[in-house]
Amino acid sequence: MNSRKIKTWAWVHKWSSLVCTVFMLLLCITGLPLIFHHEIGHLLGTEVEAPKMPADTPRISLDKVLEIAKAKHPDRVVQFASQPEDDDGLWFVTLTPTPAPTEDFKSVAVDARTGVVLAQPKFDEGFMYVMFKLHVDLFAGLAGKLFLGFMGFLLLVAIVSGVVLYSPFMRKLDFGTVRREKRPRLKWLDLHNLLGIVTLVWLFVVGSTGMINTWADLVIKYWQYDQLSTLLAPYKNEPVVAASERGSVQRSMDQAMQRTPGMKLSFIAFPGTAFSSPHHNTFFMRGNEPFTSKLLQPVLVDAKTAEVTAAPKMPWYLTALLVSQPLHFGDYGGMPMQILWALLDIATIIVLGSGLYLWLKRGNTVPAKTPAVPTTTAQGRAPPVSGPQSDPAPAMKAQL
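Numbered according to the working numbering, the sequence shown spans residues 1 to 400.
In structure tokens, the structure reads:
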């Protein structure tokens, strides 16, 4: 590349990096404990587990489970019910003042075998809740999610521009060279470039999946408008089915499971909630394999008759969202993948921190006798270019 192209890419890299770096540091720091959220929950005693019983222990009716949970909060409505992926002996029932989306919810954990209320966990307080909210939306709701999504886009721009700058910047050095005998800033520049190129693919994957995750609310609303509206045309203008008019939820679940053999239940959305319609219990089924367990198949069951209305295939944009969520946190490969994700996260924190250091120390980049014009590098400075030359090599020598 000639000097003008290098300066252009360096400008793009500098400003995309500077704008997003602080927020990316926040996301990396808060994301680190979220990688191990189950393990941390066990250590803190906040994870709820069903008592050990024989696998063939009979389950009580889901209608009874909901009745037990609602008795704890009779002034609320049941919004969702779900089971952990690895424990079908436990039900989590979410109750809210209305079916509409809200942050005001109560959760009741009920033993699926005995009907005993095991706990009423509070997911809206504590250390992990603060980490989660900072990571997801900065405590700012949809606006916070979209803002972080834009920061993720700037991160992708910084990654691409950093890759473009890497080749001309490092062509005179062997891969992995860190010049410790030189000035501290030069050492950090080499370390920044090395870790940046090593974590390139991972950071691009995590950054892009994180950006996709910030669109979740909008994607779901679009799905409801795009596909569910057609399926629900026969129910148009009808009110939400009253609780007294609803049929057996257990029978509805049995019908949904018959419609999707070989799949397991992930969660149930009840009439009027964000993931259902005013007239259906919507059962979201999942596969049994590590990958297919992240893909959901909705089954709409009429809340009055307990008959299956439709089982639409997920559109590509919802599939992309569902795949991106576990990939973002490394939930596919168990503990080995979690440890790998954590190590790469720490390396990224070093890349981002060194980028800030390089920017703050930019005035000491070029020796006083070198007639070079300082611009920006990958995350900090680019090779200074003296005059309108087309070959950047002389400037590289002055810089390095």
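We put the beta carbon where it would ideally sit given N, CA and C, even for glycine. All of these numbers come straight from a predicted model, not from anything done at the bench.
Candidates the options: closest to residue i by CA position
| i | options | result |
| --- | --- | --- |
| Ile161 | Lys5, Leu322, Pro326 and Leu344 | According to the sequence provided, residue 161 is Ser. The question's Ile does not apply to it. Considering only alpha carbons, the answer is Lys5. |
| Ile159 | Trp202, Leu27, Thr57 and Gly115 | Trp202 |
| Arg179 | Asp190, Arg171 and Phe80 | Asp190 |
| His328 | Leu32, Thr21, Ser17 and Cys20 | Leu32 |
| Pro121 | Arg171, Pro97 and Lys72 | Lys72 |
| Leu95 | Arg76, Arg113 and Lys294 | Arg76 |
| Leu154 | Leu318, Val22 and Gln325 | Val22 |
| Thr230 | Gly210, Thr305, Ala310 and Ile40 | Ala310 |
| Pro54 | Thr114, Phe36 and Thr319 | Thr114 |
| Ala50 | Lys236, Ile40 and Val116 | Val116 |
| Glu238 | Tyr332, Lys221 and Ser277 | Ser277 |
| Glu125 | Ile212, Leu344 and Thr46 | Thr46 |
| Glu289 | Ala306, Val299, Gly262 and Gly210 | Gly262 |
| Trp11 | Val93, Thr98, His37 and Leu165 | Leu165 |
| Leu344 | Trp15, Cys28, Trp91 and Ser17 | Cys28 |
C-beta atoms of residue i and residue j nearer than 8 Å
| i | j | result |
| --- | --- | --- |
| Val308 | His279 | no |
| Leu200 | Thr30 | no |
| Phe283 | Leu265 | yes |
| Gly196 | Val351 | yes |
| Gln297 | Thr260 | yes |
| Ala342 | Val301 | no |
| Leu118 | Val65 | no |
| Val19 | Ile68 | no |
| Asp86 | Ala112 | no |
| Trp223 | Gly149 | no |
| Leu295 | Leu322 | yes |
| Val219 | Tyr317 | yes |
| Leu462 | Asp217 | This structure leaves residue 462 out entirely; the chain is present only between 1 and 400. |
| Lys313 | Glu245 | no |
| Ser208 | Leu156 | yes |
| Leu232 | Phe132 | no |
| Pro402 | Ala274 | Residue 402 falls outside the range modelled here, since the chain spans only 1 to 400, and no answer is possible. |
| Arg185 | Leu25 | no |
Opening and closing residue of the alpha helix (DSSP H) in which residue i lies
| i | result |
| --- | --- |
| Asn281 | Looking at the DSSP string, Asn281 is not in any alpha helix (DSSP H); the run it does join, the beta strand (DSSP E), is His280 to Arg286. |
| Phe127 | Phe127 to Val136 |
| Ser3 | Ser3 to Ile35 |
| Pro336 | Gly334 to Leu360 |
| Ala55 | Per DSSP, Ala55 belongs to no alpha helix (DSSP H) and is neither H nor E. |
| Asp111 | Asp111 -> not in any alpha helix (DSSP H); beta strand (DSSP E) instead, spanning Lys106 to Asp111. |
| Val219 | Ala216 to Trp223 |
| Ala233 | No alpha helix (DSSP H) holds Ala233; DSSP gives it neither H nor E. |
| Leu62 | Leu62 to Lys72 |
Exposed unless 16 or more other CB atoms sit within 10 angstroms - verdict on residue i
| i | result |
| --- | --- |
| Val130 | exposed |
| Phe127 | exposed |
| Pro336 | exposed |
| Ser354 | buried |
| Asn193 | buried |
| Arg286 | buried |
| Lys369 | Here Lys369 scores only 42 on pLDDT, less than 50, and its place in the model should not be relied on; the value that follows carries that caveat. With fewer than 16 Cβ atoms within 10 Å of its Cβ, Lys369 is classed as exposed. |
| Val373 | No answer about Val373 holds up, because its pLDDT of 39 lies below 50 and its placement is not dependable. |
| Asn405 | Shown here, the chain extends from 1 to 400; a query on residue 405 therefore has no answer. |
| Gln258 | exposed |
| Met253 | buried |
| Gly330 | buried |
| Leu44 | exposed |
| His13 | buried |
| Thr107 | The displayed chain sequence assigns Ser, not Thr, to residue 107. Ser107 is buried by the Cβ-count criterion. |
Enclosing beta strand (DSSP E) for residue i [first to last residue]
| i | result |
| --- | --- |
| Ile268 | Lys264 to Ala269 |
| Pro315 | Premise fails: Pro315 is in no beta strand (DSSP E) and is neither H nor E. |
| Trp91 | Leu90 to Thr96 |
| Leu194 | No beta strand (DSSP E) holds Leu194; the alpha helix (DSSP H) holding it covers Pro184 to Val198. |
| Asp254 | That residue, Asp254, is in no beta strand (DSSP E); its alpha helix (DSSP H) goes Val249 to Arg259. |
| Val241 | Val241 -> no beta strand (DSSP E), and no H or E assigned at all. |
| Ala81 | Val77 to Ser82 |
| Leu300 | Leu296 to Asp302 |
CB contact below 8 Å: residue i versus chain D
| i | result |
| --- | --- |
| Lys64 | Note that chain D does not occur in the displayed structure, where there is just one protein chain. |
**Report entry** Cβ contact (3+ pairs, closer than 8 Å) linking the segment 72–89 and the segment 258–272
**Finding:** Verdict: yes, contact present.
Report task. Inspect the CB distances between the segment 248–256 and the segment 61–68 and report whether three or more fall short of 8 Å. Result -> A contact exists between the segment 248–256 and the segment 61–68.
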